[in-house]
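J.: Numbering (the working numbering), first residue to last: 32 to 156. Every residue, glycine too, gets a C-beta built ideally from N, C-alpha and C.
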Amino acid sequence: MITGQVRNKVDKIWTDIWSGGISNPLTIIEQLTYLMFIQSLDEKELENESFENLTGETMPKILPQTAAGQNLRWSQFKEKDPREIFETISQQVFPFIKTMNGESQTAFSRYMDDAIVLQLVRTVE
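#1: Taking Cβ positions, are GLN70 and TRP105 nearer each other than 8 Å?
#2: Looking at the secondary structure, which residues open and close the alpha helix (DSSP H) in which ILE128 lies?
#3: What do you reckon, are the CB atoms on LEU103 and LEU94 nearer than 8 Å?
#4: Whose C-alpha, out of LYS129, THR137 and ILE120, is nearest the C-alpha of ASP145?
#5: Give the straight-line distance between the Cα atoms of GLN122 and PHE82, rounded to the nearest whole angstrom.
#6: Determine the direct distance from the alpha carbon of GLY87 to that of THR55, and round the result to whole angstroms.
#7: Using three-state DSSP, classify ILE147 as helix, strand or coil.
#8: Under the assumption that THR119 contacts PHE108 (Cβ atoms under 8 Å), give the Cβ distance between them as a whole number of angstroms.
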């Protein structure tokens, strides 16, 4: 169960999505899950970078180490204009996460085959 500040953020995002025209609760949960997954990729990458800095050991990279790859990070686009965020997620981040497992057919890749991100007009944190 979520409480306090996290619940307030989820409620605000839920209300923003609902007022933006998406009224199916399953669709809202799906979209929130995608956003949380995208954010968690950046958080894991930050953890790996911290570990590398502390130990000197090389960790596997989640995101490409190119400038374009680093633009996929939540921390790089979360403060942009909502329309830019949508473009980044729909045109860059989603295509990347759909192919994260390469060519292998996994439950993840089968699920992501028909995944879409819906355009939301308001900023989400």
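T.: Let me lay it out:
#1: yes
#2: Counting along the chain, the alpha helix (DSSP H) containing ILE128 begins and ends at 125-129.
#3: In contact: LEU103 and LEU94 (Cβ atoms closer than 8 Å).
#4: The option with the nearest alpha carbon to ASP145 is LYS129.
#5: 31 Å
#6: It should be noted that the sequence gives Asn, not Thr, for residue 55. Looking at the two C-alpha atoms, the distance is approximately 47 Å.
#7: coil
#8: Correct: roughly 5 Å between the Cβ atoms.
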